[in-house]
Each structure stands twice: as C-alpha cells, then as structure tokens.
Amino acid sequence: PHDAADILEALDETGAADLLRGLDAPNAGDVLDEMHPEAAADVLEEIPAFDAAAMLANMAADQAADVVAALDPDQRTHVIHELPPAFAREVESLLIHAADSAGGMMTTDVAALPADIMVGAAIDELRRLHDELGSNLLYVYAVDEDRRLVGVVSFRDLVFAHPDATVRSTLEPSLVTVRTDTDREEVAEIIQRYRLIAVPVVESDGRLVGMVKFSEAMEAIQAEVGEDIAVMVGAGEEETVFTPVHRSVRRRLPWILFNLFVGLLIAGVISQFEATLATYAVLAAYMPTVALLAGNSGAQSLAVIIRAMAVGELPSGRAGRAIRREAIVGVIDGTVVATVAAFVAAATLTLFEGDTTHSVGHVQIGIIAFVAVWVAFLVAGFVGSGIPILLRKLGQDPALASNIFLTMVTDATSFSGFLITATLLLR
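Numbering (this note's numbering), first residue to last: 48 to 474.
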C-alpha cells in the first residue's frame with residue numbers, strides 16, 4: 048500500500064483516481080490510509096461519492112476523518128451521506144474536534160470494559176475485541192455504567208486474577224488522561240514524559256471517548272515542527288504541497304507585504320546616516336556582511352528555542368534561563384566572529400575603497416566592524432530567543448512569523464550599530 052500511495056501521489060488527480068477505482072474497496076482503503084490526507088482528498092474528489100465512501104469505510108475512522116475533513120464541503124456532505132450510518136457517526140464525531148487537538152488525533156477503537164464485570168467474562172470479551180481492534184488493543188480501560196473512565200487494567204493482572212473477581216478489584220485507578228480539546232503538543236509531551244504507548248482521551252465529564260497512540264503523538268511532533276518552520280517565515284501553518292494555490296497565496300501575501308514595510312523601515316534607518324555614507328562610501332560594502340552574520344546568529348537561537356518548545360523542553364519557568372543562555376552564546380560567538388571580521392575588514396579595505404578623498408583607516412574599519420558585529424550578535428541572541436517566548440506569553444503561536452521580526456531587529460541593529468560607530472569614530 049505504501050508504494051502504491053507514492054505512485055498515486057506522483058500522478059495527477061484524474062490518473063490517480065482511475066488507478067484507485069481499479070482496486071477493490073479494501074485495497075483502495077489501505078492505499079488511501081498511506082497517502083497524505085489532502086492528496087487522498089484531491090483524488091477522491093474525482094471519484095463518485097458512493098465509490099469514495101466505500102473506500103473510506105475500509106479505513107480506520109480517525110484516518111478517514113482526516114481525509115473527509117480535507118474534501119470540498121459539498122463533496123464532504125455527499126460522501127458522509129454514503130458512508131455506513133454507524134461509521135458516518137463515528138467520523139462526524141471526530142470532525143467536530145480541531146485537527147491539532149487530542150480529539151482530532153485520537154482513535155475511537157479502544158478496549159473499554161465495565162469495571163464491575165467478572166475477570167473471566169472480561170478475558171472472553173478481550174478475545175472478541177482482539178479481532179475487532181487489532182493493533183489498537185494496547186490498554187484495557189475500565190469504565191462505569193456511564194462510560195466514565197475509572198482506571199486501567201494490565202493484561203498480566205487480568206490473566207492471574209481469579210475468574211470470579213471483578214475487573215474493579217484489579218484496576219489501577221491513578222492514570223494520566225487528556226481532554227478532547229488538549230493541544231496536540233501537550234498530548235505528545237505527556238506521552239513522552241510518562242513513556243506511554245497510548246493515552247486515554249476523555250470528555251469534560253470524564254467519559255472515555257478514545258485514545259491517542261504513541262505513533263500519532265510522534266507524527267504530531269513532526270507536524271508541529273514543520274508548521275513552526277513554515278510559520279517562522281510567514282507561510283501558512285497548515286500549508287502543504289497539496290494546498291490549493293489560491294489558499295497559499297492568501298496565507299503568504301500579508302507577510303510578504305509586511306516584509307516590504309520592514310525593508311522601508313531599514314531603509315529609513317540607513318537614510319539617517321546619509322552624510323556618513325556619502326563621505327565614506329566604502330562603508331556600504333561591509334554593511335550587508337554585518338547584517339548577514341547577525342541574522343544567522345539570531346536564526347540559530349530562534350531555531351533552538353522553537354524546537355525546545357515544540358518537544359516540551361522549555362516550560363515557562365525556564366524561559367529566563369534560556370534567554371540568558373542564548374545571550375551568553377551570542378556574546379561568545381560575537382567576540383570570536385567580531386575579531387575575525389575586524390581583521391578581514393582591515394585586510395580587504397584596499398579592495399573596496401577605490402579612489403576617494405575621504406579614506407577610512409585600516410584600524411578604524413577594524414574597530415567599526417568589531418563593535419558592530421559584537422553588538423549585533425548580543426542583540427540577536429536576546430531577540431532570537433525572546434521573540435518566541437514573548438509570543439507564547441501573549442498566547443500566540445511562538446513561531447508566528449518569528450523570522451520576519453528577527454530579521455527586522457537584527458538588520459536595524461546591524462546597520463545602525465555599524466553606522467553609529469563609524470560616525471563617532473570618523474568625524
């Protein structure tokens with residue numbers, strides 16, 4: 048199925064749909080299961096709703112829900128109408144949850160046994176559930192008559208318990224749970240922290256509705272990191288290579304236009320030193336290098352912090368320590384790079400200066416380069432680590448166009464630091 052999915056994703060939608068319709072429904076469902084949900088949805092939109100529903104009905108409900116969510120609204124309605132009623136209700140129950148929440152990640156295929164049944168009956172029920180749940184038979188959850196979760200039962204305890212004992216007498220009442228609206232990042236963090244194979248998902252009243260498996264949590268972390276990278280540079284957080292062009296343009300354009308505004312601000316900073324640049328034109332040759340070095344340093348700090356947030360390594364209480372650490376790294380890196388930059392600037396001055404009545408001395412350009420680079424690295428360390436932490440404190444996505452704001456600050460700092468130092472030293 049995985050190889051077939053790769054082939055279908057490489058074809059256009061019409062060709063992929065023709066191949067998919069050549070498979071029987073169970074095999075088609077297996078192939079769709081391996082495809083990216085948006086790619087699968089694009090193919091299914093070329094297939095009549097009745098046939099598409101037959102294929103989806105052979106997928107796990109949580110996987111089918113991801114594909115159905117990516118369908119065009121009209122096609123989605125038709126496909127859901129053609130699904131088997133029980134399966135349709137299950138898919139719709141998953142669609143009401145946000146895709147990046149525990150409810151959107153969970154599978155509803157869980158082993159839930161009444162807490163007050165006998166162990167012997169419970170084991171018989173598990174044998175039946177084994178065929179129904181397959182690989183989803185990871186934990187045995189005990190529930191009351193209202194399906195509220197009361198504990199988890201180990202297979203070992205069930206096997207060795209007396210057949211006439213109740214499940215309640217063997218369960219472990221203390222267990223970790225997540226709510227349906229728990230963010231996927233937090234779900235993944237909980238699964239990693241407690242080293243779980245899966246975590247049960249409950250409603251606000253404690254009713255068991257599903258579980259999130261370890262594999263889903265790992266996929267969530269990958270998706271979170273990928274979205275953070277996209278959002279850092281102003282692309283849509285849910286954008287993929289399968290996203291329609293008009294939607295991608297709509298998501299990206301505002302940040303590109305904001306970049307234009309940032310560029311004008313930087314130009315305004317530089318224009319304040321017009322007299323210095325007019326007198327010592329050679330300074331313009333070194334300015335982009337200072338900005339490039341600072342931008343790279345800040346981007347490194349930004350990447351470290353956002354990655355730490357994505358995998359749950361940076362709780363709020365450690366934010367100040369993280370900023371201090373990145374500032375110290377910036378100072379150390381800045382000292383080394385500024386020293387090298389000073390010597391390089393002094394050594395290359397003759398290449399860039401040309402004929403001018405107002406020349407800059409080798410020592411002077413070295414000092415200017417050193418001060419500008421050192422200050423820019425210090426600021427880059429603070430800003431690169433501080434922007435995502437500030438955004439999180441404000442309740443925003445920490446990756447929200449962070450790279451754009453970082454570029455604005457590091458460029459402004461680099462250019463102004465370089466030109467202020469030059470103005471003071473050369474007047």
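Note that beta-carbon positions come from the ideal geometry of N, C-alpha and C, so glycine has one too.
For residue i, the nearest candidate out of the options (CA to CA)
i      : options                           : result
Glu373 : Ala75, Ala96 and Ala355           : Ala355
Asp39  : Asp178, Gly76, Glu85 and Ile268   : Residue numbering for the chain in the displayed model covers 48 to 474; residue 39 lies beyond these limits and cannot be assessed.
Val187 : Ala212, Asp156 and Phe424         : Asp156
His83  : His409, Leu67 and Glu56           : Glu56
Ala63  : His177, Val78, Val90 and Asp230   : Val90
Val412 : Ala423, Val391 and Arg368         : A small correction: the amino acid at residue 412 is Ile; Val does not occupy that position in the sequence shown. Of the listed residues, the one whose Cα sits closest to Ile412 is Val391.
Ala235 : Gly359, Pro95, Ala86 and Leu453   : Gly359
Ile244 : Thr229, Glu250, Thr224 and Leu311 : Thr224
Val410 : Trp421, Leu396 and Val422         : Leu396
Ser344 : Thr229, Gly433, Phe462 and Gly428 : Gly428
Ser251 : Pro210, Gly310, Asp228 and Ile237 : Asp228
Own chain, CB closer than 6 Å to residue i, minus 5 neighbours either side, in chain order
i      : result
Phe465 : Met334, Val337 and Ala419
Asp458 : Ile313 and Ala338
Val456 : Val430
Arg254 : Arg194 and Arg195
Phe97  : Glu129
Ile303 : none
Asp426 : Reading off the sequence shown, one finds Val at residue 426, where the question assumed Asp. Thr460, listed in sequence order.
Anticipated Cβ contact below 8 Å, residue i with residue j, distance rounded
i      : j      : result
Leu103 : Gly76  : 7 Å
Ala72  : Ala101 : 4 Å
Gly367 : Ser348 : The pair is not a contact, with the Cβ atoms about 14 Å apart (cut-off 8 Å).
Leu185 : His177 : Not a contact, Cβ separation roughly 12 Å.
Ala341 : Phe424 : 6 Å
Gly433 : Ile375 : About 14 Å separates the two Cβ atoms, so there is no contact after all.
Val316 : Thr454 : So it is not a contact: roughly 13 Å between Cβ atoms.
Buried/exposed call for residue i, threshold 16 Cβ in 10 Å
i      : result
Pro445 : buried
Ile352 : buried
Ser318 : exposed
Pro435 : buried
Leu471 : exposed
Leu307 : exposed
Ala325 : exposed
Ala394 : exposed
Val460 : In the sequence on display, residue 460 carries Thr and not Val. With 16 or more other Cβ atoms within 10 Å, it is buried.
Ser201 : exposed
Glu321 : exposed
Thr61  : exposed
Pro292 : Sequence check: residue 292 is Val here, not Pro. Classification for Val292: exposed.
Thr404 : Interpretation of Thr404 is limited by its pLDDT of 47, a score under 50 that renders its predicted location unreliable; the figure taken from the coordinates is listed afterwards. So Thr404 counts as exposed.
Contacts around residue i, its chain only, beta-carbon distance under 7 Å, and the 5 residues preceding and following it disregarded
i      : result
Ser257 : What sits at residue 257 in the sequence shown is Gly, not Ser. Contacts found: Met153, Thr154, Thr155, Val157 and Val248.
Thr469 : Per the sequence shown, residue 469 should be read as Ala rather than Thr. Taken in chain order, the residues that qualify are Thr323, Tyr327, Leu330 and Ile415.
Arg123 : Val115
Glu81  : Pro48, His49 and Ala52
Asp119 : Glu92
Ala493 : Past the boundaries of the shown model lies residue 493; the chain is included only from 48 to 474, so the question cannot be answered.
Nonlocal neighbours in the same chain, by C-beta distance under 8 Å from residue i, ignoring five residues either side
i      : result
Ala162 : Ala189, Val190, Asp191, Val197, Gly198, Thr213, Val214, Arg215 and Leu218
Leu141 : Ala108, Asp109, Ala112, Gly150, Gly151, Met153 and Thr155
Val78  : Pro48, Ala51, Ala52, Leu55, Leu67 and Leu70
His125 : Ala96
Meets three-Cβ-pair contact criterion under 8 Å: the segment 375-387 and the segment 435-449: Because the criterion of three Cβ pairs below 8 Å is not met, the segment 375-387 and the segment 435-449 do not touch.
At least 3 beta-carbon pairs within less than 8 Å: the segment 105-112 vs the segment 129-138: Yes, the segment 105-112 is in contact with the segment 129-138.
Validate contact between the segment 164-171 and the segment 201-209 using beta carbons, cut 8 Å, 3 pairs: The answer is yes - the segment 201-209 touches the segment 164-171, with three or more Cβ pairs under 8 Å.
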